[in-house]
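Peer 1:
There are 2 protein chains.
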Amino acid sequence: MEIIHKHQLIKEYLIERIKNKELMPFDMIESENELADKFKVSRMTSRKVIDELVVLGFLYREHGRGTFVSDLPRFKDLQSFLCFTEEAALKGLAVENRIVEFYLDLPTPAIRNKLGINMNTKVWYIRRVRCVDNQTYAYEDAAYLSSVFKDCDEQILKGSIYHHLENALGINISFANQEIEAVVADKMTAELLEVSEGVPLLKISMVSYLKNGLPFEYTTTYYRSDRFKVSQSAFRSRSR
Amino acid sequence: MEIIHKHQLIKEYLIERIKNKELMPFDMIESENELADKFKVSRMTSRKVIDELVVLGFLYREHGRGTFVSDLPRFKDLQSFLCFTEEAALKGLAVENRIVEFYLDLPTPAIRNKLGINMNTKVWYIRRVRCVDNQTYAYEDAAYLSSVFKDCDEQILKGSIYHHLENALGINISFANQEIEAVVADKMTAELLEVSEGVPLLKISMVSYLKNGLPFEYTTTYYRSDRFKVSQSAFRSRSR
DNA sequence: AAGTGGTCTAGACCACGGC
DNA sequence: CCGTGGTCTAGACCACTTA
Chain A
1347 MEIIHKHQLI KEYLIERIKN KELMPFDMIE SENELADKFK VSRMTSRKVI
1397 DELVVLGFLY REHGRGTFVS DLPRFKDLQS FLCFTEEAAL KGLAVENRIV
1447 EFYLDLPTPA IRNKLGINMN TKVWYIRRVR CVDNQTYAYE DAAYLSSVFK
1497 DCDEQILKGS IYHHLENALG INISFANQEI EAVVADKMTA ELLEVSEGVP
1547 LLKISMVSYL KNGLPFEYTT TYYRSDRFKV SQSAFRSRSR
Chain B
1347 MEIIHKHQLI KEYLIERIKN KELMPFDMIE SENELADKFK VSRMTSRKVI
1397 DELVVLGFLY REHGRGTFVS DLPRFKDLQS FLCFTEEAAL KGLAVENRIV
1447 EFYLDLPTPA IRNKLGINMN TKVWYIRRVR CVDNQTYAYE DAAYLSSVFK
1497 DCDEQILKGS IYHHLENALG INISFANQEI EAVVADKMTA ELLEVSEGVP
1547 LLKISMVSYL KNGLPFEYTT TYYRSDRFKV SQSAFRSRSR
């Protein structure tokens, strides 16, 4: 039985209006009091809804003026290392994966190095374009240890690889090391992402590890910078 | 005059205990009611503090069990929040700061929003090119609360602002929220960084906080992607 | 059953922005 | 001045976990 909370209804109402373009970027939405009246809730409840949509990047507030629709409801990668599908799901959005190609082959020297394997250990090469709401977000060029990702097929690649590994295969993913750079789109990547050559892209390279410390994945992803950015918090270290 | 909100005090209390390792990852913190009693606030206020720290990744909740310290602070060591000067020093390199301009002025709406200040609170605008070994690395566009960075002058800006704040002024810097994007160099930035227009740059925007939770700095830095990249580790969250 | 977090109310006062 | 968001209260009832 689904329990419908009041704040969910208001959230759906606002997200629908943003997705339908009924509310455009920089438009002001109803005030907290108006929302509260309209849905017959207290102001604390309407505020909470707006709080959540602000965190998700759909809205922003201006003290004394009002609450407005963000120009680009971009993705944020809280550093807790969620997979692409999970991040989209957090915002109530569905992912479509366009498979460019995938095949089993011997590792390149770079991949041997990153995954610490010898030249006879085959890996799955998987190249996909990740889309949300029919819009291209990222081009992903991945290599997986075939000894871990044993049953690679098209059906799985259309969904979430991480969910498959964790849920169907019972594999424990632990952590990843990432490197973040800025690059400009080359011809091939630009075509796949449906952007012009030369636009900026965030390039994130990642080696992911199992609980037992085995590196099993080396992935480079090129994110459209107009639709994606990384957020994180960091502590100041005490050292001098 | 700075207004200290009740939730700031509680936030400071919790963040300090996490930073000091008094609270370790997976430790349970006080319940919402205990926090409310301890600080003589309502439960809604103690909840709000926890909400914020959950969003920042410091804590996570488990319904019916309690609120716990997340394992994110672990990679404090790996991707510690160091200033530019410190990072260079770690590699035995010396920094030269070329001051482009600096002046005291009223805050823009964006800065008011990021720092949570009113339109009468003046901030220092500081623009510098950061060089290592006579090579340009980054262009930094910073705004500091003048109530915190009281004594801004050319001599200080040629060195490390953070060292000055911490050592000369005894200010406690706690943590920062960062957003990372990819952009291409516009004409002005390209000239300052001695690169061609259109080359990719890493744009890192940061709001830094004092120990008491006061945001005191909003800085946007454009890094040459040929000389700088971000490395970090991320842990797979245990959800699902 | 006791304690935790999750949702929600109906108020209050304050700070800010624009008219 | 009015309407906006920002903070805060002192309750309430519910859902979940653990003992």
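Residue numbers (the working numbering), protein chains in the order written: chain A, 1347 to 1586; chain B, 1347 to 1586.
Yeah, the Cβ is synthetic: ideal placement off N, Cα and C, and Gly gets one too.
All of these numbers come straight from a predicted model, not from anything done at the bench.
1. What do you get for residue 1450 (chain A), buried or exposed, if any count of 16 or more other CB atoms within 10 angstroms of its CB means buried?
2. For residue 1350 (chain B), count neighbouring Cβ atoms within 10 angstroms of its own Cβ and tell me buried if that reaches 16, exposed if not.
3. With 9 Å as the C-beta to C-beta threshold (strictly closer), list the residues of the segment 1498-1530 of chain B near chain A in chain order.
4. Tell me whether residue 1371 (chain B) sits in a helix, a strand or coil according to DSSP, three-state version.
5. Output needed in chain order: residues of the segment 1535-1546 of chain B with a Cβ under 9 Å from some Cβ in chain A.
6. Which ranges would you report for the beta strand (DSSP E) in the segment 1524-1585 of chain A if only whole runs of at least 3 residues count?
7. Between the segment 1462-1475 of chain A and the segment 1489-1498 of chain A, can you find at least three pairs of beta-carbon atoms closer than 8 Å?
8. Does the contact criterion of 3 or more C-beta pairs under 8 Å hold for the segment 1552-1559 of chain B versus the segment 1531-1544 of chain B?
9. Between residue 1408 (chain A) and residue 1459 (chain B), how many whole angstroms is the CB-CB distance? I'm expecting something under 8 Å.
10. Terminal residues of the continuous beta strand (DSSP E) containing residue 1383 (chain A)?
11. Give me the Cα-Cα distance between residue 1560 (chain A) and residue 1519 (chain A), rounded to the nearest whole angstrom.
12. So, does the CB of residue 1424 (chain A) fall closer than 9 Å to a CB anywhere in chain B?
13. On a Cα-Cα basis, can you pick out the residue from B:1486, B:1505, B:1468 and B:1469 that is closest to residue 1475 (chain B)?
14. Check the DSSP bridge columns for residue 1412 (chain B) and list the partner residues they point to.
15. Return the CA-CA distance between residue 1454 (chain A) and residue 1391 (chain B), expressed in angstroms with no decimal places.
16. Interface residues of chain A around residue 1459 (chain B) at Cβ under 9 Å?
17. Would you mind sorting residue 1495 (chain B) into buried or exposed? The rule is 16 or more other CB atoms within 10 Å of its CB.
18. Hey, which unbroken runs of the beta strand (DSSP E) at 3 residues or more fall wholly within the segment 1470-1501 of chain A?
19. Using DSSP with H/G/I as helix, E/B as strand and the rest coil, what is residue 1363 (chain A)?
20. State the Cα-Cα distance for the pair residue 1361 (chain A) and residue 1478 (chain A), rounded to the nearest angstrom.
21. Residue 1571 (chain A): buried (16+ other C-beta within 10 angstroms of its C-beta) or exposed?
Peer 2: Looking at the atomic coordinates:
1. That one is exposed.
2. Exposed, because fewer than 16 other Cβ atoms sit within 10 Å of the Cβ of residue 1350 (chain B).
3. Result list: 1508, 1509, 1512, 1513, 1518, 1519, 1520, 1521, 1522, 1523, 1524, 1525, 1526, 1527, 1528, 1529 and 1530.
4. DSSP places residue 1371 (chain B) in the coil class of the three-state scheme, outside both helix and strand.
5. Answer in chain order: 1544, 1545 and 1546.
6. Taking 3 residues as the minimum length, the beta strand (DSSP E) runs contained wholly in the segment 1524-1585 of chain A are 1546-1556, 1561-1570 and 1574-1581, in order along the chain.
7. With a cut-off of 8 Å, the segment 1462-1475 of chain A and the segment 1489-1498 of chain A count as touching, because enough Cβ pairs lie within range.
8. The segment 1552-1559 of chain B, when compared against the segment 1531-1544 of chain B, does not touch it at the 8 Å Cβ threshold.
9. Yes, residue 1408 (chain A) and residue 1459 (chain B) are in contact; Cβ-Cβ is about 7 Å, under 8 Å.
10. For residue 1383 (chain A), no beta strand (DSSP E) segment is defined; the enclosing uninterrupted segment is the alpha helix (DSSP H) at 1378-1384.
11. Looking at the two C-alpha atoms, the distance is approximately 10 Å.
12. Confidence is the limiting factor: at residue 1424 (chain A) the pLDDT is only 48, short of 50, which leaves the residue's position unreliable and the question unanswerable from this model.
13. Taking the Cα of residue 1475 (chain B) as reference, the smallest distance to any Cα among B:1486, B:1505, B:1468 and B:1469 is reached at B:1486.
14. Looking at the DSSP assignment, residue 1412 (chain B) forms a beta bridge with B:1408.
15. Near 55 Å, if we compare the C-alpha coordinates of residue 1391 (chain B) and residue 1454 (chain A).
16. Against chain A, a Cβ distance below 9 Å from residue 1459 (chain B) picks out 1406, 1407, 1408 and 1409.
17. Burial call: buried.
18. Fully enclosed beta strand (DSSP E) runs of 3 or longer: 1481-1491.
19. Helix, per DSSP.
20. Between the alpha carbons of residue 1361 (chain A) and residue 1478 (chain A) lies a gap of roughly 15 Å.
21. Burial of residue 1571 (chain A) is indicated by the presence of at least 16 other C-beta atoms within 10 angstroms of its C-beta.
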